[in-house]
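Our numbering applies: residue 16 is where the sequence shown begins, and numbers increase by one.
Cβ atoms here follow ideal geometry from the backbone N, Cα and C, with glycine treated the same way.
What follows is a set of notes on a single structure, which appears directly below.
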Amino acid sequence: MKKFTIQIPDKDIEYLSQRLTNARWFNSTIDNNWGKGVPVKYLKKVADYWLNKFDWKKQEAILNKFPQFISEIDGQNIHYLHVKSAKSNATPLMLIHGWPGSFVDFIKLIEPLTNPQTEDQIAFDLIIPSIPGFGFSTPVKDKGWNMIRIAKAFTTLMKELGYEKFAVHGGDMGAGIVGIMSGVAAYSLIGTHINSDFFAVAGLGMFPSDNSFFTNEENMSLERMKQYKKDGTAYLEIQSTRPHTIGIALSDSPIGQLAWILEKYKEWSDEDKNLPEDTIDIDQILTNVSLYWFNQLGASSAEILAENMSMAFDWGGDNLQEANQWTPPKVQSAIACFGKKEDESLLKKLTSFMGEPNRWTFYDKGCHFPAMEVPTLLVNDIREFYSGKIK
16 MKKFTIQIPD KDIEYLSQRL TNARWFNSTI DNNWGKGVPV KYLKKVADYW
66 LNKFDWKKQE AILNKFPQFI SEIDGQNIHY LHVKSAKSNA TPLMLIHGWP
116 GSFVDFIKLI EPLTNPQTED QIAFDLIIPS IPGFGFSTPV KDKGWNMIRI
166 AKAFTTLMKE LGYEKFAVHG GDMGAGIVGI MSGVAAYSLI GTHINSDFFA
216 VAGLGMFPSD NSFFTNEENM SLERMKQYKK DGTAYLEIQS TRPHTIGIAL
266 SDSPIGQLAW ILEKYKEWSD EDKNLPEDTI DIDQILTNVS LYWFNQLGAS
316 SAEILAENMS MAFDWGGDNL QEANQWTPPK VQSAIACFGK KEDESLLKKL
366 TSFMGEPNRW TFYDKGCHFP AMEVPTLLVN DIREFYSGKI K
């Protein structure tokens, strides 16, 4: 384990400015909505803010206020924040991001989780790792870094930090890693907490062949999901099947990287809001996009997505026979869903194959990025769930 400080070279910052200044824009005569992706007019507006108003050095200083480290686990550098509460009885909690996110997603959760407002609220020591291929967990040194291997590595990290029992939360890919940890690290977990939403469930594509078990309202939501699966998951198909091709494009073009991520902030955020920055702080968005650009994460994160789409579950066994002989203990679990309330019953039914969680909560605000959109709601939900687990 060694201390780490973010320090993007000035030449890289200057090069980004040059690329934004000299961006090549195509002329679009049909550019009035998001039906075919990010409208060029809107993208130009955000790119102008990125170039002329966004201050990377300021954001870098904010990130560096939090203690950061790099540990080598299973041959891979794992970057993480380790922020301890002033309370001696704080509960260790790992927060795991997904795509197109990073540890930056959780910045607004750190203060309220580590420093509760009242004495009767539990406090947390936070461990916020970067998935290999994301953040500063780069470069990825070998193949095979799927969610199973990541779950094992993150469990090892917690052991090395001295945490024999710990809590965990995740969203997007992080939710998948949390689910796997409930198998490979069940005896170490106080519980598991994930956030979910319409798009996270729709992306799984596990739709029923018989719709007769669903209400009319559920079938309407189901049709929306099927349409999204058809029209809205090209990003996953290209990254998981041709990660090199898309990775080269995203690593070279900052405007391309911005468009690639910005589309998801629009599509997967609160649908009652008009633009991504109406629900997520634009500086937080651009801090994440800048991180992807500086560290060429468009390529390395696509590699990890490709690994995940081709993985086979072994639940910790060295071979299939051993895996079939071992059943992990049941871990107390919670799912917090954000978005349209009318999707509540459908989300429950479509995720029933994973087993019934001990706690469901639903919120009509936010969506796929609650840590950025509605951090207070997420903080309260995490704290309420784990308050019942801490004795």
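Whole-angstrom distance between residue j and residue i, CA atom to CA atom
i      : j      : result
THR302 : GLN74  : 7 Å
GLU87  : MET16  : 7 Å
LEU251 : ASN323 : 11 Å
VAL394 : LEU362 : 22 Å
THR418 : VAL98  : Because the chain here runs from 16 to 406, residue 418 falls outside it and cannot be looked at.
LYS48  : ALA249 : The displayed chain sequence assigns Asn, not Lys, to residue 48. Rounded to the nearest angstrom, the two C-alpha atoms are 18 Å apart.
ASN226 : PHE213 : 18 Å
ILE397 : HIS208 : 7 Å
GLN136 : SER402 : 8 Å
SER266 : PHE149 : 13 Å
VAL389 : PRO131 : 17 Å
LEU31  : PRO269 : 7 Å
PHE309 : GLU233 : 43 Å
GLY262 : ASP296 : 26 Å
SER59  : ASP293 : What sits at residue 59 in the sequence shown is Lys, not Ser. Rounded to whole angstroms, LYS59 to ASP293 spans 17 Å at the Cα level.
VAL199 : MET240 : 31 Å
MET109 : PRO147 : 15 Å
TYR57  : ASN42  : 13 Å
MET235 : ALA351 : 22 Å
According to DSSP, residues forming a beta bridge with residue i
i      : result
MET109 : ILE142 and VAL183
ALA349 : HIS208 and ARG374
LEU96  : GLN83 and ILE143
ILE88  : GLN91
LYS18  : PHE84
Residue i burial status per 10 Å Cβ neighbour count (16 or more: buried)
i      : result
THR153 : buried
GLY113 : buried
ASN37  : exposed
TRP275 : buried
PRO258 : buried
TYR202 : exposed
GLU29  : exposed
ASN79  : exposed
SER367 : exposed
ASN210 : buried
Contact under 9 Å by Cβ, residue i with residue j
i      : j      : result
ILE192 : ILE165 : yes
TYR243 : PHE384 : no
ALA168 : ILE111 : no
PHE84  : PRO107 : no
SER409 : TYR378 : The structure shown has nothing for residue 409, since the chain only spans 16 to 406.
LYS180 : LEU204 : yes
GLY206 : ALA349 : yes
MET326 : MET162 : yes
THR129 : ALA101 : yes
THR170 : MET188 : no
LEU320 : ILE300 : no
ILE77  : ILE122 : yes
Check: residue i C-beta below 8 Å from any heavy atom of the ligand NAP
i      : result
LEU392 : What this structure holds is no ligand at all, so the ligand NAP is not there to describe.
Practice task
Entirely within the region 282-335 and at least 3 residues each: give me those beta strand (DSSP E) ranges in chain order.
Solution key: As far as the region 282-335 is concerned, it has no whole beta strand (DSSP E) run of at least 3 residues.
Exercise for the section: For the region 215-274, list the alpha helix (DSSP H) runs that are entirely contained and at least 4 residues long, ordered along the chain. Expected result: With a minimum length of 4 residues, the continuous alpha helix (DSSP H) runs that stay inside the region 215-274 are 231-246, 249-256 and 258-267.
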